[in-house]
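Positions -22 to -1, 1 to 290 (mature numbering (1 follows the signal peptide of the UniProt record, and there is no 0)) are the ones given, in order, by the sequence shown.
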Amino acid sequence: MMKNSVAMLAVCMLAQSHLAIAAGAPAPQEINIVLLGTKGGPSLLNTARLPQATALTIGDKIWLIDAGYGASLQLVKNGIPLRNINTILLTHLHSDHILDYPSLLMNAWASGLKDHTIQVYGPPGTQAMTKASWKVFDRDITLRMEEEGKPDPRNLVKATDIGQGVIYKDELVTISALKVPHSPFPDGEAFAYRFDTQGKRIVFSGDTSWFPPLATFAQGADILVHEAVHVPSVAKLANSIGNGKTLAEAIASHHTTIEDVGKIAREAHVKKLVLSHLVPATVADDVWQQEAMKNYPGPVIVGHDNMTLSVP
């Protein structure tokens, strides 16, 4: 009798699960983070790492966080069609985060963007930058619309200047923005982003100096992607570019030391720390890991261009 009851209960539970699926309960979507560019700063001194850009994919949805130089090419290398990008989020308007933005819009359009609008969110100035981008390519756009019958790309991109708080929400994901300090930008012109989706939390720090409220914002994150600077190595980098002392002081004060990144990850109780926007980009992986692990006991991944991380 007991065996029959257990069997009947199992059948009922299975039937209920099938009914839930039939009723439209969303199936879990695979979540991946694709590191497209992992160096910090606008200088191009070698090809080992490109400037900042990261893709987050949830099922067939594509979010791009920043669009530094080379982002278009890196997306294509990783099998992510430009025309399929749903949303672009810009953390701030430094050139190493936006240099590929105008060309990315044009490349997406040239590659077949026509059936949906790319939503762009960023700090004040994002709308103006987008309008200026269209002006740069105005002649090309006009000719291709006339000769090739292409739709007007200006109708396929909607840019929004954001503030702090929830900036987007649908049945799949909630995206929140946090103001972070990134001198010399004034308050409200640099952001961290948080994705809450399917019971998972992924946080991108953007560029920021030491900022304890980020630990609250990232609390319990499955993955925290955080920028980092290795101060002992900054002087050599700055001297190779020029204006060494002034540049070195600016870099150190505008970013988070790798030791402090570990503190943020520890205080936020994140499950995994991923390092990106590395300054300098030439510091060895084991150095980054050792310095972060002085304050954070969890797993530390040193990001590299074209690295894909799954969110289990």
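All residues carry an ideal CB built from backbone N, CA and C; glycine is no exception.
In this structure, the alpha-carbon of residue 98 lies about 7 Å from that of residue 135. In the DSSP secondary-structure assignment, residue 9 is bridged to 36. About 11 Å separates the beta carbons of residue 155 and residue 173, which is beyond the 8 Å limit, so they are not a contact pair. Listed as beta-bridge partners of residue 136 by DSSP are 97.
Excluding residues up to 5 positions away in sequence, 193 lie with their Cβ nearer than 6 Å to the Cβ of residue 245 in the same chain.
If you draw a straight line from the Cα of residue 21 to the Cα of residue 260, it is about 13 Å long. With contacts defined as CB atoms closer than 8 Å, residue 94 and residue 44 fail to qualify as a contacting pair.
A Cβ-Cβ contact shorter than 8 Å links residue 10 with residue 288. For residue 276 against residue 248, the beta-carbon gap comes to about 7 Å, under 8 Å, which counts as contact.
Bounds of any alpha helix (DSSP H) do not take in residue 186, whose DSSP letter is neither H nor E. Excluding its 5 nearest sequence neighbours in each direction, residue 165 has C-beta neighbours in its own chain below 8 Å: 157, 159, listed in chain order.
Cβ contact annotation for residue 204 (same chain, cutoff 6 Å, sequence separation greater than five): 183, 239, in chain order.
Going by DSSP, residue 154 is part of the beta strand (DSSP E) stretching over 152 to 157. About 26 Å separates the beta carbons of residue 190 and residue 139, which is beyond the 8 Å limit, so they are not a contact pair.
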